[in-house]
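In what follows, a single structure is set out as structure tokens and then discussed.
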Ligand SMILES: [Zn+2]
């Protein structure tokens, strides 16, 4: 019987190796290992054997069964792999064909610059304050030390709606509004981004509508040296570590001392070029120590509190950053322009 | 203000500084020099010539042939076309090889057969603007008013070897609107004392008081009025040095007397006016407010109708000048004038400002009055002018000045505390350093225990409180020398408010959905808005004085300018565009605005053309209503809008009547989404455009706060589909509402997956199919549980909406 089993094994293994597909293999499995298969037949005849032979034959039968099973499984795996390979080969595509584009819009460059600035100052402990675009004469001018008839009002040509209502010419009115909310208690640390309006004819460098970012810090013992420190931190953060700053005395009714802040020109490295009008410096913002009258009108005691303020034009920062040469691009919304920014 | 370097040298020794160095120093200490004008830029080889002969050109009527001595061995022949050229004149000559501004090179030439070896120049050819050239030379060549050695550098004679500094003055620094004021400033920077003119007046036997009387109605309007009488004048051309200085400062020379008043205006910053004494019509000056409707003809020959807001100089009867702004035509100095009344006055700045505003006449004089003149120097300025009139016009000066003098001579003393100064600046300046700076400024001071008492001179009206002085010290000490520190105040947490975070999130969402952010103008016109303005808004916010009709009202909706932006793109062959904007709109319910209008933050989008495309796979999806609706839904999801978001079919102004929906959040109107009415779109040269506009604050009013984690269901859900045939008027929204209502808490989700109208269906019916998902978070649902609920849903649909299950 053992011989018979070995014979069956050889026969089956032969068939397995000749099987060409999974169907052939299945046939082999059914015909040799099935309930009616020859091995089962052999085992059924074991009753005739002696007690000594029985375990030997049983063991052999199991061995044969295992050998056939593993041969089938091995072949099966190989055939499956081959079939998959064939199928995948048929499925191959031209990967150089154009992709299906994923739609994606872009951030307006003015938003981009504004948010970057907000984040820099948020990092320094500032919050973001906002205010109305239609302002009263009081907040836009008077509370900023610009009484009616003050010659400095000429600096800003204003769109009036009524004698008392106007389109804000600067984001500075948010300063007074915020100070009032603090009811005379510091610290106040805010930046105020927003749209402002001036009576200018639109051209490459002027726009009747533009965006400003105003900053204000009021607390006990704020010094002009602190103004330099905070703004230097901002400049290095926004424009780069290697930029230098300088302050030039200037005039704003709501600050004193007042200054314009220049940064060293990145294009020429200070040698002088067209961008910096040969000076090596680029003007980026106006700043100064908050005028005592402004503190008073905001409800702060100028004997106890002091502070500094600064303001900058977002368009100008964007133009410097991206090399844009015409301010009107920001408001035309040409898709070819908008889609260049992130 | 234009400052001639050569003129400035008269008051201050600056020979060791170049004009560029002076400019840099001024700029760095607060008086910005905008431009340096080198007057001789591009000019070379221009000398003085003496016209020895001047003959008619034989073959050209309009040309003359001149023999000109240019300081060489032989005279040169020059053909000249100027009408005013003549024998004996001394003129500027550009020799062969010379260069003139505009890269113009002089070459030897032949004009109608005559050799020409150079060019006799006009002032325009030497770089002066036509409007600055005296009328006597404006149409021809320049002729020196005196004898000059031929061959000498003509530029030197014409003071063209000079540099003019153009100051861009901030409004507080009106003190630099004069040569003397600028000399003080430069002197303070360089620590040098300016030397000022000390006019000497030799008077005749006549007494001014016999010739004129002066009276002012209001000393508030006119703190000072002084009249000096100068007679026996000869009106003629000013000497060249004076003309040169006026031109360098941007003023056209006219005649000696007028030029002198302008010269002193520039030198002292004190405007003066010369009346023709004999044409005043009286011997009396009365300064008063004009009567309402009173008329006068100013010297530009315009009739001015005045009001009580205006200050006038009268001869006792009628106005002879609009004070501080412009003289009258009747008393103007002219060629035959022999006597003048010289006015030197201080007028109230705001009165002058009003007159300038009403008449539109802004002049060098009015600008200075508006900003305030130095009352302490007004009399000296008058003496300076009178002495120049004696010197240059042969005048005799009557003794005394008739005046009305109510100047406030109360000296202003300001206390400057050293401790406060250092605390403000973050410095530790010693009192020596500070007093040294104040001395450089020529501010008299006395030392006190805390610092100084500073007597502020009247030439600096911008200084009145301590911090003004702190700034003066700081700018001369140098901002660069102030240390750099960081505030040692308490640290504060920075951050954005919830609303600011949501604004950023909306932008991020719409960007990632494929829309570009647009920013458009807030100013628009009622006309442009008319077709789409929300119907309930009757009024708009109008500018009082718009610059143009196009920008005359504040927008009430973002849609028109977004359509304009789409239109801009379409005209440039960009047919696919999707834009959004997050900006304020302005609403008012009244015509007469008393208070600020309501400022709403709106979020709007506008889309046209293809939404998605992949050509070689034949995929193309045009923008449609459902794309726009999807953006709104997605946005609400992004913003965690709590409560139900509903779209109600509605007719919206300016929109397609059948393709518009009101967007409701918890029953509150939050905006709309719609196709723009084709007729409206056509106004912007657009076709199929879809828009949405939402009130940001309504949309985000009930935004969820922090995220609360919801357990992931542990039990399986069961899906059941439902296919219905309903009347075509029944909306998907109605069906879904009934399904949700009946589905109760087990119904987790409803999805519409099929919609069919047409063949195989009864006329007026449509087929619509939903997939319903049931789930119980507490246990495994059985088929029976679901069937019970599902049958209820079906029954309700049949009953309430006449739906039939599709077989
Ligand atoms: Zn540069």
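Residue numbers (the numbering used here), protein chains in the order written: chain A, 234 to 575; chain B, 459 to 1265.
By construction, the Cβ of each residue, glycine as well, lies at the ideal position given by its N, Cα and C atoms.
For the 8 Å CB-CB criterion, residue 548 of chain B and residue 580 of chain B do not form a contact. DSSP, read as helix, strand or coil, puts residue 444 of chain A in strand. For residue 1018 of chain B, no chain A residue has a Cβ inside 7 Å of its Cβ, as the nearest lies near 13 Å away.
For residue 1168 of chain B, no beta strand (DSSP E) encloses it, and the DSSP letter there is neither H nor E. For residue 766 of chain B, no beta strand (DSSP E) segment is defined, and its DSSP state is neither H nor E. Of all alpha-carbon atoms in B/648, B/943 and B/967, the one lying nearest the alpha-carbon of residue 898 of chain B is that of B/648. Residue-level contact by beta carbon holds for residue 977 of chain B and chain A, with a gap shorter than 8 Å. Using a Cβ-Cβ cut-off of 7 Å, residue 877 of chain B is close to nothing in chain A; its nearest Cβ partner there is about 12 Å away. Remark: the shortest separation between the CB of residue 508 of chain A and any heavy atom of ligand 1 falls under 7 Å.
With a beta-carbon spacing of about 3 Å, residue 458 of chain A and residue 884 of chain B fall inside the 8 Å limit used to define contacts.
For the options B/741, B/968 and B/520, the alpha carbon positioned closest to that of residue 337 of chain A is the one of B/968. Comparing alpha carbon positions, the residue from B/1086, B/1170, B/1077 and B/1186 closest to residue 333 of chain A is B/1077. With 16 or more other Cβ atoms inside 10 Å of its own Cβ, residue 478 of chain A counts as buried. Contact annotation: residue 417 of chain A and residue 533 of chain A have beta-carbon atoms nearer than 8 Å.
Relative to ligand 1, residue 496 of chain A has its C-beta separated by 7 Å or more from all heavy atoms. DSSP places residue 553 of chain B within a strand segment (E or B) once states are collapsed to three.
Between residue 430 of chain A and the set A/553, A/438 and A/442, the nearest pair of CA atoms involves A/442.
The beta carbon of residue 661 of chain B sits closer than 7 Å to those of 855, 856 and 857, all from its chain and outside the five residues before and after it, given in chain order. In this structure, residue 728 of chain B lies away from residue 659 of chain B, with their beta-carbon atoms at least 8 Å apart. Leaving aside the five residues that flank residue 863 of chain B on each side, the residues in its chain whose CB is nearer than 7 Å to its CB run, in chain order, 682.
A Cβ-Cβ separation of about 17 Å leaves residue 485 of chain A out of contact with residue 424 of chain A under the 8 Å criterion. In the same chain as residue 984 of chain B, and ignoring 5 residues on each side of it, the C-beta atoms closer than 7 Å to its own belong to 998 and 1011, in chain order. Close to residue 1044 of chain B, with beta-carbon spacing below 9 Å, are these residues of chain A in chain order: 366 and 367. DSSP, read as helix, strand or coil, puts residue 633 of chain B in helix. In this chain, the beta strand (DSSP E) harbouring residue 527 of chain B covers 522 to 527.
Judged by the Cβ position, residue 556 of chain A fails to qualify as a neighbour of ligand 1 at the 7 Å threshold, every heavy atom of the ligand being at least this far. DSSP, read as helix, strand or coil, puts residue 666 of chain B in helix.
Taken in chain order, the unbroken stretches of beta strand (DSSP E) that lie wholly in the segment 479 to 516 of chain A and span 3 residues or more are 488 to 497.
Nearest in C-alpha terms to residue 1085 of chain B, of all of B/1068, B/1098 and B/1075, is B/1068. Taking C-beta separations shorter than 8 Å and ignoring five residues to either side along the sequence, the partners of residue 699 of chain B in its chain run 617, following chain order.
Residue environment: residue 330 of chain A is assigned as exposed (fewer than 16 neighbouring CB atoms within 10 Å of its CB, all protein chains considered). The Cβ atoms of residue 914 of chain B and residue 896 of chain B lie no closer than 8 Å to each other. DSSP places residue 735 of chain B in no beta strand (DSSP E); its state is neither H nor E. For residue 441 of chain A, the chain B residues whose C-beta falls within less than 9 Å of its own C-beta are 979, 981, 1005 and 1009, listed in chain order.
Comparing alpha carbon positions, the residue from B/503, B/525, B/1173 and B/507 closest to residue 513 of chain B is B/525. Take the alpha-carbon of residue 539 of chain A and the one of residue 571 of chain A: they are about 42 Å apart.
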